[in-house]
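Here is the structure we will look at.
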Amino acid sequence: MREMIMNELTQTTQELARGFAQYLPRLIVMLIIVLVGWLIAYLLKMIARSILRLTKFAKLSENAGATQLLKKAALPSSTELLSSFVFWVAWIGFILLGVSALGIGGFEEHVSRFFLFLPRLFVALVILFFGLLAASFFSRATLLAAVNAHSRSPRLLSLSVRLILIIFTVSMVFEELGIAEQTIILAFGIGFGAIMLGLALAFGLGGQDLAREFLERRLTRERKEEKENELSPL
Amino acid sequence: MAEESFLTDEFLRQLINVGEVDILIGVPTHNNAKTIGPVIQNIQAGILKCFPRERVVIINADGGSRDGTPDLVAGASISDAQHASNLFTLRTLHSISTQYADGPDAGAALRTMLAAAELLRAKVAVVVSPDSVEPQWIQRLAVPIYKDNFDLVTPVYRRHKFEGLLMRTLLYPMTRAVYGYAIREPYASEFAVSDRLATDFLATEEWNDELGRIGPEMGLTTKAMAGRFHLCQAFLGTKAPVEGTSSDLVAAMRRTVGVLFSSLDTNFPVWSASNGLAPVPTFGSPAEVTLEPVSVDRNRLWEMFTTGVSELEPVFRSILSPSTLQELVGLASGGNGAGKYGAELWARTVYEFAAAYHRSVINRDHIIQALVPLYRGRTLTFISENESTSAEQIESSIECQCAEFERLKPYLLDTWNGGK
Amino acid sequence: MPLKREPGWYKDAIIYQIHVRSFYDSNADGIGDFQGLAQRLDYIQELGANTIWLMPFFPSPLRDDGYDISDYRSVHPSYGSLEDFRAFLSTAHDLGLRVIIEMVLNHTSDQHPWFQESRSSHDNPRRDWYVWSDTDNKYRGTRIIFLDTEMSNWAWDPVSKQYYWHRFFGHQPDLNWDNPAVRAEMWEIMKFWLDMGVDGFRLDAVPYLIEREGTNCENLPETHVLIKELRRKVDEQFPGTMLLAEANQWPADLRPYFGNGDEFHMAFHFPLMPRMFMGLRLEDRKPITEILHQTPAIPPTCQWCLFLRNHDELTLEMVTDVERDYMYDMYATDKAMRLNLGIRRRLAPLLDNDRRRIELMNGMLLSMPGTPIIYYGDEIGMGDNIYLGDRNGVRTPMQWSAGWNGGFSTADPERLYSPPILNPLYGYPAVNVLSQKRTDHSLFSWMKHIIKVRRSTPVFGSGSIEFLYPANHRVLAYIRQLGKETVLVVNNLSNAAQAVELDLRPYKGNILVEMFGKNIFPRIGDLPYLLTMGPYQFYWFRLRRI
């Protein structure tokens, strides 16, 4: 029995050793991939950063309001964020590649799914970015127009425009990512309906004056304008 | 590739018949049938009175009128075939009309008229408004260029002390401070251009920009100032109030302030290096003001200013420096009449806007729109301060505004590239 | 031997205006004479003119270039004798040249025996032959013509202690045409010359014959009665004689002098001439079309007399102040060039000696409706001398050759009635008949050619005129038409090449034949007829339907 135990032990040890001997190179390969991956990712990050700087991305993101958003959340600048994003995506890609080199069963499937998912993620991010850009632009345009037209509640108008656009964007992003499609569409429907109803109610009940004013201005534009500005600015 | 011609063949044919001229009078129109008849008559009277010997042509650039304006212009030619006219001229006086587009477009109109002037080798191109013209304006606008070799003649009017406040509180002081030319009306509907300036202006790239379309008149003035052309002013008399054209303050700001701000971009090397005032002679009496009391809805102005400041605060945050914004917010929350939007604060506001415009911190058009409520605040203060002042006091308060703009010019240069 | 006078001969005439004194001196006394003129008639014939208009050649103190006559029935001794005149007239008629002479009806010289008698005493039978008055306050509404020299239309006669009336110089007392004796005597004088064979009279200063209180004493109805009477007598006794009115008036005021074809045959179109010069300078046809538009229609037997320059100043009485200032500034920069209300210069110097402009102006003169007058010397481009007094600067000796006195006279140069032009540009060494005859491209040769073309068709003399108004105002275009003959004239008044589109649709199907080179131009179609024209170029086209 003792011999049997020893035998088993030896056999196990040998198997372990063999297994280890078999596994070690893979581990080393993995480590190398991860390390080289880090290097490449870092390089990509640098390239991305300089490209973004060259294209004055900061200005664009400031226009989109993204910069302010980030500042509020105490996050680094948009350029920094995006280049970090590039770095992490690349490095994670390499890590996964390395892990798959270990040959763990079933893992390869995850890895390939990750790589398949990447373009969609990218598209989603682009949509998000431009969505935010549009939301910010149009909400500000509404705000300015409303203020200069002397409307009663410019902020409300501007906020509604922003909200509608953000919800729309987010739903598109989620759809692109394929996450909880049903729920999102439902939620978007409910949210959009609610805002519309709210606006309708606001116009109908709370904003009677606003609505009347709006209509008046549409219908009797010229006379109104003359009264509005007795003095010519030029 | 050849650039697409913007002059029609028919128009060119008419220009060939007109041949070389000394003076071109341009009238941009769009549905001006009511006023164009007397305007053309007054132009003709002006020509006959002081330029009986010169070769003159009246060019009407029409933006697709549907009320027969072009026919009225073309019918007003004093040619040999027509003897009914009681006007006597030595020469045939052509009036020709061309339609440059299917809708009004100040840039295309000016470009058409200047191109005609260049083709006809006119020494002077006088542009007048289709609403009202006095015969003597033709002489006053044309002579400085025709006889004295100036390049741009801008008008000076007799007008009410509270008319043209955008001109007096912003455009005049700022162009004067930045470019060093004391031009009272840098944006005018009546002015005269020399052949040199016209050719130079026609060659600019800006025609394809939106700016060229929106505010060519202001662009012309800034071009002349930046190009160090010879500028002068001519007193024209009472400016007849024009109905409905300037009531849209936002559009007016775009045409003027927007164009001025954008001109600072291209002309940075010129204005950043210039200091002091270039001489700008004024022919005739200097600007005159009339003092009749007018009723202004001050509460409304105040309300528009305060709501503007409070509602647009997030927008201002990306345009204005924190200290300026703080002052404005304090001013707006103080209640009507509590505080004054003074000349210094106003100059600083405008400069910060100009710098923000240059850096495009947000959409440029939004920057211009955001200035509107603040201008209303400044207007209110100006009106309150000068409620019962004399003409001299008005003049000194404008002078004071100019001084602030001039004093703060280094501040504009500081804020120009970031660094609030 | 008188020429056969077919009716209306004056409509196709080309008149050559001469001063006997200035043309040719045959007896070496420094003054031109009739014998000399007779010797040079072949030159006038060669030029192509067919009528001679002689300036006054009567005995005269010559204080107004012979318009101050002291004997109406004789020839000034400097110019020869009456016999010399008869010989000249006969030679001219032999060469086919008609002769028109001056008849000064309005006034005489104060040296005329009539006036001497008249002033001798208040009861002299001839006292009433002139207009006398105790006061110089009569006829105050009358303008003074010679503004530069005369203060009043009345002059004090120290002999008879009364004022006498004169519209021109003080030494030219006006005859009293209300006196039947004056009228009868003047008709006798005209008969005297008509009997000799002259073909017509240029009647000087016609508007001023009669004076009436409360009027401006011009163009009075009584004057027209007088003229009608003269015309009737002429038609009865000397048919075919032509009467030409000198009346510097607006066309509408001139029109009555044609009557119903029973007063004058011809009259000068004074307002047109300055406007031709003005249109040329402005490069704009407007002044020309405008004045011709204002010109009233005249009876079919009547005719306008057109001229570019004559022995007087280029008169600017018939223009507005703006136009006069313009003309002065453009054509008479030197004050010495101005006289009264006019410019005393010849054609060539007025046009800067620019051959193209001289040709264009002559082209217009010969193609517009009327009988053209060519002032002696202008056909060779003679210059003037603005430093000679009065209008003598345009009355210098004819320049025949580059030789002694320009070939005008063999007298000592000091003896000449007037110094010849000597300047290097216009003087006789540079501008003279002899050298111009030798070259085909000289102005003289060109004038010969254009006169020949003009005389090749009666359409220019008698045809109707219709202006075309192409949009290009620098081009003056008109259609002359007579019967089946149609001529299109296109003038470019500009110093630069021009394109012009003519609306010739009424003449669709015709081809154009250029009248100088006889070349064919494209057929007229529905489209505007496009012509391109060089600087100051003009075309005469005969329209032909083939």
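Chains as they are written, first to last, in the numbering used here: chain Z, 1 to 234; chain G, 235 to 654; chain A, 655 to 1200.
From the three backbone atoms N, C-alpha and C, an ideal C-beta is built for every residue, glycine too.
ask   = Counting along the chain, where does the beta strand (DSSP E) carrying A/Cys-959 start and finish?
value = 957-961
inquiry  = Pairs of beta-carbons, one from the stretch 371-379 of chain G and one from the stretch 419-427 of chain G, closer than 8 angstroms: are there three or more?
reply    = yes
request  = Check A/His-747 in the structure and name its three-state DSSP category.
outcome  = helix
task = Classify A/Trp-1194 as helix, strand or coil using the three-state DSSP reduction.
result = strand
request  = Look at the alpha carbon of A/Thr-1025 and the alpha carbon of A/Gly-1115, and state the distance between them as a whole number of angstroms.
outcome  = 6 angstroms
task = Express the C-alpha separation of G/Tyr-334 and G/Phe-240 in angstroms, rounding to a whole number.
result = 7 angstroms
message = By alpha-carbon positions, which one of G/Gly-414, G/Asn-294, G/Pro-556 ends up nearest to G/Ala-507?
response = G/Gly-414
ask   = If the cut is a Cβ gap below 9 angstroms, which residues of chain Z does G/Gln-333 touch?
value = Correct list: empty, because the minimum Cβ distance to chain Z is about 25 angstroms.
key: G/Glu-638 at chain A interface by Cβ criterion, 8 angstroms   = no
Partners in chain G for Z/His-150, counting only beta-carbon separations shorter than 7 angstroms = Met-538
query = What do you reckon, are the CB atoms on A/Trp-1287 and A/Ile-668 nearer than 8 angstroms?
reply = This structure does not reach residue 1287 of chain A, given that chain A is present from 655 up to 1200, and the question cannot be answered.
inquiry  = So, under 8 angstroms CB-CB, A/Phe-677 and A/Met-1052 are touching, yes? Tell me the CB distance rounded to an integer number of Å.
reply    = 5 angstroms
task = For G/Thr-490, decide whether its Cβ has a neighbour in chain Z, counting only Cβ atoms nearer than 8 angstroms.
result = yes
inquiry  = Let me confirm a value: A/Asp-764 is counted as buried when at least 16 other C-beta atoms fall within 10 Å, else exposed. Which label applies?
reply    = buried
key: chain A contacts from the stretch 351-375 of chain G (Cβ-Cβ distance under 8 angstroms)   = none
request  = Return the first residue and the last residue of the alpha helix (DSSP H) that G/Ala-308 is part of.
outcome  = 303-308
inquiry  = Cutting at 6 angstroms between CB atoms, please list the residues of its own chain near A/Gly-1035, excluding the five before and the five after it.
reply    = Ala-1002, Val-1085, Leu-1097
key: Z/Glu-8, buried or exposed, once every other Cβ within 10 Å from all chains shown has been counted against 16   = exposed
Helix, strand or coil at A/His-761 [DSSP, three-state] = strand
ask   = Nearest to A/Asn-802 by alpha carbon, out of A/Leu-1070, A/Glu-842, A/Gly-1043?
value = Correcting the residue identity first, residue 802 of chain A is Asp in this sequence and not Asn. With distances taken between Cα atoms, A/Asp-802 lies closest to A/Gly-1043.
query = How big is the Cα-Cα spacing for A/Val-836 and A/Glu-890?
reply = 21 angstroms
ask   = Thinking just about the alpha-carbon of each residue, which of A/Glu-1139, A/Gly-662, A/Tyr-1132, A/Ile-942 is nearest to the one in A/Leu-1158?
value = A/Tyr-1132
inquiry  = Count Cβ pairs between the stretch 912-929 of chain A and the stretch 942-959 of chain A that sit closer than 8 angstroms; are there 3 or more?
reply    = yes
key: Bridge-paired residues (DSSP) for A/Asn-1145   = A/Leu-1130, A/Phe-1192
N-terminal and C-terminal residue of the alpha helix (DSSP H) that A/Gln-1090 is part of = 1087-1092
request  = Establish whether the CB of G/Ala-318 and some CB of chain A are separated by less than 8 angstroms.
outcome  = Residue confidence is low: G/Ala-318 scores 48 on pLDDT, short of 50, so the model does not pin down where it sits. Its coordinate-derived value is still stated next. No, no contact with chain A.
key: Alpha-carbon to alpha-carbon, Z/Leu-118 and G/Asn-501   = 47 angstroms
key: For Z/Ser-171, the nearest candidate out of Z/Ser-153, Z/Ser-158, Z/Phe-85, Z/Ile-190 (CA to CA)   = Z/Ile-190
query = DSSP puts A/Trp-819 in a beta bridge; with which residues?
reply = A/Trp-808
message = For A/Thr-949, would you say it is in contact with chain G, using Cβ-to-Cβ distances shorter than 8 angstroms as the test?
response = no
inquiry  = Quick check on the DSSP output: what are the complete beta strand (DSSP E) runs of length 3 or more inside the stretch 500-524 of chain G, in order along the chain?
reply    = 522-524
request  = Answer with yes or no whether the minimum CB distance from G/Ser-322 to chain A is below 8 angstroms.
outcome  = The amino acid at residue 322 of chain G is misidentified as Ser; the sequence shows Phe. Judged by the 8 angstroms Cβ criterion, G/Phe-322 is in contact with chain A.
message = At 3 residues or longer, what runs of the beta strand (DSSP E) sit wholly inside the stretch 961-1024 of chain A?
response = none
task = Verify whether the separation of the beta carbon atoms of G/Leu-285 and A/Thr-974 is less than 8 angstroms.
result = In the sequence as presented, Leu is not what sits at residue 285 of chain G; that position holds Phe. Result no, Cβ atoms of G/Phe-285 and A/Thr-974 do not sit closer than 8 angstroms.
key: Within 8 angstroms, strictly: CB atoms of G/Thr-303 and G/Ala-351   = no
query = Cβ of A/Ile-1104 within 8 angstroms of Cβ of A/Asn-1016?
reply = yes
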